[in-house]
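For reference, the structure is listed below as structure tokens.
Residue numbers (our numbering): 269 to 759.
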């Protein structure tokens, strides 16, 4: 399996797809641009979903579900929103099929044409705000903080498993507030929640920032984001949180009576992350041998492979391996005892390596006799012998050590590939030869931003929220700049 993975240095894009398929995370669908998420990949999504869902509920959000189909007229109500999504929408125009008159196949039944076309959900702001209009009457109904776990359809032309597919899974939060301040605070709260999750659970460092006008979500006043750096030097937007102002409330005439008995429009936010996070996880940590997973998200944190040469040895080895597995489960570890027949230990080692299991344990008759266990670490390739009797008690700490080392490695990579530049020539050279995050001054104009993008294919990933009082001049125009922004080529 590892031999089937193209080295990163040979073809990074092929390496990525090879890992997705050989680690059995996902596969291609008969529908162009869509994917089949296999159990290994879905288990990762379930772990992401479980942790985020818990965090959402701890911060006062509730789950709900809204329809997959959205009336076309709803999408048209917010001008920037429809402009942003019009080219990505799948449209339902008929309610059923019928046999072609010549018997050659099927066609949409002409008499089943819908009075109004339906849009297959590209995002849910419009249909949710239609509901909010009837649910919100008074300040007492606010804040309203809902989230939904759903699938999304965006008609992408160029697709890649997990990173960009026509259908994907995500969560989308939609909140309504009585004041601008509360809505902005909500937007920033979720941004911080996303950043902490990606760093502490995915072991991927991120930059928190705000998007430029050209890059913000269609219909938003401000889009906040977290940007991560992949091993090929490209950026990946890992999550977004949008301050929508009163745009959607005005589009759907959603007003409330405030504490002064006056009517005013509701203030709104929306925010989301998707199965794209699995793509980020792969590209941030994995190597030429396969997937590398951080323990906090790994579906299987520890795998035990028993080794025996004959039936006489097998009973004692299986007994010791089974007890260890039981002790590990009691300690809260997600463990798998791989006692399958018909597979050699080396084949099992290779399979679990490709699938990214953080720690592999091998136990044979000599280990049972000596009271030891062989421990192999996926992220570093290191192997060591540890006492069998105390391993379960120390396993959680060992997994946390692996988690910490993965983050430290990714953070060191980001620091090594973050480059401040002051001249446009240096900027173009770094973007072309080194990649990574490039910190450069920008004069704030859309024209400058568009020209840099056209000439270098690099975009402003975000204006960092971290304090930076270093004023200067734009590298292209020489005009004054208040601070550096983050440029990169991106997925």
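The C-beta atom is built at its ideal place from N, Cα and C for all residues, glycine as well.
Ordered along the chain, which non-local residues of its own chain (more than five positions away) have a Cβ less than 8 Å from that of residue 617? Excluding residues within five positions, the ones whose Cβ falls inside 8 Å are 573, 628, 630, 644.
Can you tell me whether residue 652 is buried or exposed, with buried defined as 16 or more other CB within 10 angstroms of its CB? Residue environment for residue 652: exposed (fewer than 16 other C-beta atoms within 10 angstroms of its C-beta).
Buried or exposed for residue 351, please, with buried defined as at least 16 other CB atoms from any protein chain shown within 10 angstroms of its CB. Per the 10 Å Cβ criterion, exposed.
Buried or exposed (CB count within 10 angstroms, at least 16 for buried), residue 425: Classification for residue 425: exposed.
Expressed to the nearest angstrom, what Euclidean distance is found between the alpha-carbon atoms of residue 530 and residue 447? One C-alpha to the other measures close to 13 Å.
Return helix, strand or coil for residue 415, following the three-state DSSP convention. Strand.
Rounded to whole angstroms, what's the CA-CA distance from residue 451 to residue 322? Just pull it up for me. Answer to the nearest angstrom: the Cα atoms are 21 Å apart.
Please classify residue 623 as buried or exposed, where buried requires at least 16 neighbouring CB atoms within 10 angstroms. Per the 10 Å Cβ criterion, buried.
So, with DSSP's three-state summary, where would you put residue 434? When DSSP states are grouped into helix, strand and coil, residue 434 belongs to the coil group.
Assuming residue 539 is part of the beta strand (DSSP E), what are its boundary residues? Note, residue 539: beta strand (DSSP E), 535-542.
My output table needs one value for residue 547: the three-state DSSP class, helix, strand or coil. Taken through DSSP and simplified to helix, strand or coil, residue 547 comes out as helix.
Between which two residues does the beta strand (DSSP E) containing residue 494 stretch? If you look at residue 494, you'll find it in the beta strand (DSSP E) that goes 490-497.
Output yes or no for whether 8 Å exceeds the beta carbon distance between residue 482 and residue 712. No.
Could you work out which residue in 491, 581, 420 is closest to residue 510 when comparing CA atoms only? Among 491, 581, 420, the Cα nearest to that of residue 510 belongs to 491.
Cα-Cα, which of 522, 706, 541 is closest to residue 417? Ranking 522, 706, 541 by Cα distance to residue 417 puts 541 first.
Which term fits residue 361, buried or exposed, when burial requires 16 or more other beta carbons within 10 angstroms of its beta carbon? Residue 361 is exposed by the Cβ-count criterion.
Collapsed DSSP secondary structure at residue 364 in the structure displayed: The answer is coil: DSSP assigns residue 364 none of H, G, I, E or B.
Where does residue 296 sit, in a helix, a strand or coil, going by DSSP? Residue 296: strand per DSSP, three-state reduction.
Please report the distance separating the alpha-carbon of residue 615 from that of residue 606. Answer to the nearest angstrom: the Cα atoms are 11 Å apart.
Check each candidate in 400, 477, 439 and name the one with the smallest Cα separation from residue 419. Among 400, 477, 439, the Cα nearest to that of residue 419 belongs to 439.
Measure the CB-CB distance between residue 704 and residue 687 and report whether it falls below 8 Å. Yes, they are a contact pair.
For residue 293 and residue 308, which I take to be in contact (beta-carbon distance under 8 Å), what is that distance rounded to the nearest angstrom? Their Cβ separation, rounded to whole angstroms, is 5 Å, which keeps residue 293 and residue 308 in contact under 8 Å.
Nearest-angstrom Cα separation, counted from residue 486 out to residue 407: Approximately 27 Å between the Cα atoms of the pair.
Give the straight-line distance between the Cα atoms of residue 340 and residue 399, rounded to the nearest whole angstrom. Distance between the alpha carbons of residue 340 and residue 399 is about 16 Å.
Distance between residue 733 and residue 528 (C-alpha atoms, nearest Å): Answer to the nearest angstrom: the Cα atoms are 35 Å apart.
How far does the alpha helix (DSSP H) with residue 375 in it reach, from first residue to last? For residue 375, no alpha helix (DSSP H) run applies; the uninterrupted beta strand (DSSP E) run containing it begins and ends at 374-376, by DSSP.
Using a Cβ-Cβ distance cut-off of 8 Å, determine whether residue 313 contacts chain C. Here there is only one protein chain, and chain C is not present.
Count the other C-beta atoms from every protein chain shown that fall within 10 angstroms of the C-beta of residue 390, then say buried if there are 16 or more, exposed otherwise. By the neighbour-count rule (16 or more Cβ atoms within 10 Å), residue 390 is buried.
Buried or exposed: where does residue 469 fall if 16 or more other Cβ atoms within 10 Å of its Cβ makes it buried? Counting the other Cβ atoms within 10 Å of the Cβ of residue 469 gives 16 or more, which makes it buried.
According to DSSP, simplified to helix, strand and coil, what is residue 606? Coil, per DSSP.
Could you tell me which whole alpha helix (DSSP H) segments of length 4 or greater appear in the segment 677-712? Within the segment 677-712, the complete alpha helix (DSSP H) runs of at least 4 residues are 692-701.
For residue 533, collect the residues of the same chain with a Cβ closer than 6 Å to its Cβ; drop the 5 residues on either side in sequence, then sort them by chain order. Around residue 533: 514, 517, 518, 523.
Going by the beta-carbon positions, is the gap between residue 458 and residue 474 smaller than 8 Å? No, they are not a contact pair.
Helix, strand or coil: which one does DSSP assign to residue 352? Reduced to three states, the DSSP call for residue 352 is helix.
Got a sec? Which residues, its chain only, sit under 6 Å from residue 442 by beta carbon, not counting five neighbours each side? Excluding positions up to five away in sequence, the list reads 396, 414, 538.
Identify every residue that forms a DSSP beta bridge with residue 329. According to DSSP, residue 329 bridges with nothing at all.
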